[in-house]
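Number of protein chains: 2
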Amino acid sequence: MTLKLYTLRIADGREPSPFVWRARMALAHKGLAVERVPIGYGEKHKLAFSGQGLVPVLVDGERWVNDSWAIAQYLEDTYPDRPTLFGGAKGRAMALFINRWADVETLGALRLLLWPATWDHIPAADQAYFRADRETKAGMTLEAMRAEPEAKIAAFRRVLEPARQTLARQPYLCGDKPGYADYCLFGGFMWGKTVSPHRLLAADDPIHRWRAELLAAFDGMAAADPGYPVD
Amino acid sequence: MTLKLYTLRIADGREPSPFVWRARMALAHKGLAVERVPIGYGEKHKLAFSGQGLVPVLVDGERWVNDSWAIAQYLEDTYPDRPTLFGGAKGRAMALFINRWADVETLGALRLLLWPATWDHIPAADQAYFRADRETKAGMTLEAMRAEPEAKIAAFRRVLEPARQTLARQPYLCGDKPGYADYCLFGGFMWGKTVSPHRLLAADDPIHRWRAELLAAFDGMAAADPGYPVD
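Protein chains in written order, with my numbering: chain L, 1 to 231; chain D, 232 to 462.
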């Protein structure tokens, strides 16, 4: 039985959700084939079976799981003989912290930069919804969010400092090999690659090297996905 | 052979170093008895054997280790049959990230609040050195640092958000039991307890519950150390 993953797809095959990217990387890490079921912003009714309206949703035979963190737990617990995402109970617990750090700090720093960029790549039919929702969340218009992108990039680079110091000392956040904590951070970079031509990292940043390795991982799965060139 | 740990001691037996606290908690976690060798700011020559001037320095027979992270590695590798600090290779790698996060974000947010408070509790003979060093690092006088403590506490509470969300879902950053990542964050709170009467956490903060448990851990070792009451 092939796994199915509901994903968000916007124009030109782009899949911007950082949470979907966490799930896609986790599935690839486990070596699990998955059939993606892309939906648009206006098709949340297709997720009604899951009792909520957000991607990713994983369907495994008769079972389904929503929420990227819950999906990672499900994969680790259901496929324990495949490569581990967490490396045991303590690792799983610490990965939750890194997940929340990535949410609060890195996605928090990216959203004013990437919401307008996302809007630029969504079908016209979904733009009114997206504009209203994100402008309410941000407390400003999409046009206001476009101001000073370089300052937003600088703020993003600043919150990355703990990851930078870590990746200067070891290949991945999870050590010699990547793990779920790496994918939590990587999801934000994939959101950026998918919708924005901005350069999020300087070439000499240790995180740049790490990102390049994750773009190339799993036969270049992330690098090959529709989006802007990353340099 | 009893282990020895060089620590920083200021007035009234207070030991403010967050890095020493990481090492003390790690030693207690491993169930290792340790003899503390307290030194003052003016006694760095007593660390000359280690080729540098910062505490903590651990001495184990003929060997010595400086730097709190290196000490944690040493304890885990040298005493593998005692309770683990990291829970394996992936956990160790993720703990480095949390260590750096605690350094950059939490100690970064605390230093302007706690440097003047530390100065208030150091022997007069060391005050000139401390003032010059910290004022250079901060780019302002100790008196300027004392401005708006409530704003500094608010900034500290804000950077704790990833830990708050994590500790709302699980007992410790390392899961059901504390581990080294917990001690990395806890060290900053012990710096606060040692020198400052300020209330760093609201009573309904999930981190407050976690801190209380670590204060009580190891027969109340941290709670019993000289400092201000924590509420």
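Backbone N, C-alpha and C define an ideal beta-carbon position, used for all residues, glycine too.
Because the structure is a prediction, the values reported are computed rather than measured.
Based on the DSSP secondary-structure assignment, which residues constitute the bridge partners of residue i?
i: R63/L; result: D60/L
i: Y360/D; result: Y360/D is not bridged to any residue.
i: G406/D; result: Y403/D
Is the beta carbon of residue i less than 9 Å from the beta carbon of residue j?
i: S17/L; j: T7/L; result: yes
i: H429/D; j: L344/D; result: yes
i: R9/L; j: G40/L; result: yes
i: G418/D; j: L431/D; result: no
i: G244/D; j: D456/D; result: yes
i: Y411/D; j: N297/D; result: no
i: V55/L; j: L47/L; result: yes
i: K30/L; j: L96/L; result: no
i: A324/D; j: C174/L; result: yes
i: A433/D; j: R365/D; result: no
i: G458/D; j: G87/L; result: no
i: P437/D; j: A399/D; result: yes
i: R22/L; j: S68/L; result: yes
i: G233/L; j: Y129/L; result: The structure shown does not extend to residue 233/L, since chain L spans only 1 to 231, so no value can be given for it.
i: I416/D; j: A301/D; result: Looking at the sequence shown, residue 416/D is not Ile but Leu. Cβ distance not < 9 Å, so L416/D and A301/D don't count as in contact.
i: V461/D; j: A448/D; result: no
The beta strand (DSSP E) with residue i in it runs from where to where?
i: E15/L; result: That residue, E15/L, is in no beta strand (DSSP E); it is neither H nor E in DSSP.
i: V268/D; result: 265-270
i: L344/D; result: Premise fails: L344/D lies in the alpha helix (DSSP H), 339-350, not in any beta strand (DSSP E).
i: K4/L; result: 3-8
Looking only at C-alpha atoms, which of the options sits nearest to residue i?
i: T84/L; options: A28/L, A168/L, E150/L, P226/L; result: A28/L
i: A320/D; options: L185/L, V195/L, D176/L, E105/L; result: D176/L
i: A72/L; options: V37/L, F97/L, M25/L, G40/L; result: M25/L
i: W346/D; options: R442/D, E392/D, V426/D; result: V426/D
i: V177/D; options: D462/D, T349/D, L391/D; result: This structure cannot speak to residue 177/D, because chain D is shown only from 232 to 462.
i: H108/L; options: A222/L, F189/L, P206/L, W21/L; result: According to the sequence displayed, residue 108/L carries Gly and not His. The option with the nearest alpha carbon to G108/L is F189/L.
i: R294/D; options: A356/D, R313/D, L236/D; result: L236/D
i: W350/D; options: L341/D, W332/D, R395/D, L373/D; result: L373/D
i: V37/L; options: V57/L, L215/L, A212/L; result: V57/L
i: V20/L; options: A217/L, Y183/L, A212/L, L32/L; result: Y183/L
i: R82/L; options: L32/L, A202/L, H121/L; result: L32/L
i: A242/D; options: W332/D, K275/D, G370/D, A356/D; result: A356/D
i: L110/L; options: S50/L, R146/L, T136/L; result: R146/L
i: I384/D; options: T337/D, H276/D, K368/D; result: T337/D
i: P178/L; options: W210/L, M221/L, I122/L, A222/L; result: W210/L
i: D204/L; options: M221/L, A223/L, Q165/L; result: Q165/L
i: P149/L; options: I122/L, M140/L, K137/L, A117/L; result: A117/L
i: E15/L; options: A151/L, Y172/L, I122/L; result: I122/L
What residue range is occupied by the uninterrupted alpha helix (DSSP H) comprising residue i?
i: D77/L; result: 68-78
i: T397/D; result: 392-398
i: L327/D; result: 320-332
i: E143/L; result: 142-145
> Which whole runs of the alpha helix (DSSP H) in the segment 408-453 of chain D are 4 residues long or more, in chain order?
Replying inline: Counting whole runs of 4 or more residues, the segment 408-453 of chain D contains the alpha helix (DSSP H) stretches 411-426.
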